[in-house]
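A short write-up of the structure that comes next.
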Amino acid sequence: MPLRLPKRQRPGSTATRRSTVPSSSSSAPTIPKPSSVPPSAPLPTATPSTSTLAAPQGIARKGHYGAFLQEDQDLVFRLVNTLHRNLSIPVTAKIRILDTREATLAYALNVLRAGASILTVHGRRREQKGHLTGLADWSTIRWLRDQLPPETVLFANGNILEHGDLAKCLEATGADAVMSAEGNLSDPGLFAAPPADGDDAGRAYWRGRDGKGGWRVDEPEDEDAEQPARKKVKRDGGGGGGGKKKDKVTSPNYGGMQPHMFHLLRHFVSRHTDVRDMLAKARSGDLEAYEAILAAVERKVAEGLLEYERTDGKMFAEADTVLAA
908 MPLRLPKRQR PGSTATRRST VPSSSSSAPT IPKPSSVPPS APLPTATPST
958 STLAAPQGIA RKGHYGAFLQ EDQDLVFRLV NTLHRNLSIP VTAKIRILDT
1008 REATLAYALN VLRAGASILT VHGRRREQKG HLTGLADWST IRWLRDQLPP
1058 ETVLFANGNI LEHGDLAKCL EATGADAVMS AEGNLSDPGL FAAPPADGDD
1108 AGRAYWRGRD GKGGWRVDEP EDEDAEQPAR KKVKRDGGGG GGGKKKDKVT
1158 SPNYGGMQPH MFHLLRHFVS RHTDVRDMLA KARSGDLEAY EAILAAVERK
1208 VAEGLLEYER TDGKMFAEAD TVLAA
């Protein structure tokens, strides 16, 4: 979640909005990025603690946490306030909007009174997920901005699909900063401004004939960079024959590869279903399978660029027509 943290304003002053910037930018401040942690987890002394009260997943319902705490405002207050009173670092909180603006305002004020230093508002209700996701309600975030105390540091969340949406969100909501989750997972360069026309970005950025473009997912790593050491991975043995079953790969470094790549290649695999199938079959720790997927992506991107030139850019319009049929 790369973003620039705004300075807290004096009571009664107008909040100054700061644009989001990539964490690697030289203009980014040295303030550590927030991280989401459960209230009971040990916390590093330099990292703000985030109370995530917006998770709508079924596991959050079963565990009675995330967005499923919103009916118990007393518990929400005690959770945030306990962190605020017992930690020497700032406490931030993220909430979703409720069925009415008035209820959402009461929710936000409750979290702020509990001691949250920064309030992030996701402009969707708890029920808006999966096929029912829909659009985030920026107008409600703007209404909250106008109703909350002017010194409130407010972050907006939702509807961030490309870099241009950042400025639109700030303008529409009046928020101090923007948070992105799903959009940033599928486009890690979301917060990085595109190079100016005429700038030579090498292979890192592709711009089409219409001037639109994006940071390339197939950008190769620096060949001169030292490669990380790779340990031999143990895999599930399974099967019969009385052989000893091998240890299952449980490292989160491997377990997170498949979902992470599905996010990165979300738009790509909607067109190239064979790569989608390769990724679906890849097992945790099978690095050869993932390298084969990356090779397939590079090959298809190269073929697509040649086809783009051959059709004078019309291939995208034709493909979109087929997908919409």
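Reading the sequence shown from the start, the letters are residues 908 to 1232 in the working numbering. All C-beta atoms in this analysis are idealised placements derived from N, C-alpha and C, irrespective of residue type, glycine included.
Can you have a look at Asn895 and say buried or exposed, based on whether 16 or more other CB atoms are within 10 angstroms of its CB? For the chain, the structure presents residues 908 to 1232; residue 895 sits outside this window and is missing.
Length of the line joining the Cα atoms of Ala1084 and Leu1077: 7 Å
Report the CB separation of Glu1205 from Asp1125 in whole angstroms; it is logged as a contact under 8 Å. 5 Å
Can you tell me which residues form a DSSP beta bridge with Gly1120? Arg1114
Am I right that Leu1019 and Thr1059 are in contact with their C-beta atoms under 8 Å? What's the rounded C-beta distance? 6 Å
Tell me which residues share the same chain as Ala1079 and place their Cβ nearer than 7 Å to its Cβ, disregarding the 5 neighbours each side in the sequence. Trp1045, Arg1049
Cβ of Phe1062 within 8 Å of Cβ of Asn1017? no
Could you tell me which residues DSSP puts in a beta bridge with Met885? The chain is shown only over 908 to 1232; residue 885 falls outside these bounds and no answer can be derived.
His1029, DSSP secondary structure in three states: strand
Can you tell me the Cα-Cα spacing of Val987 and Arg1003, whole angstroms? 16 Å
Can the beta-carbon of Ser1093 be found less than 8 Å from the beta-carbon of Leu1026? no
Could you name the residues of the same chain whose beta carbon sits closer than 6 Å to that of Gln980, not counting the 5 residues immediately before and after it, in chain order? Asn1017
On the DSSP letters alone, give me the boundaries of the beta strand (DSSP E) that Arg1003 sits inside. 998 to 1003
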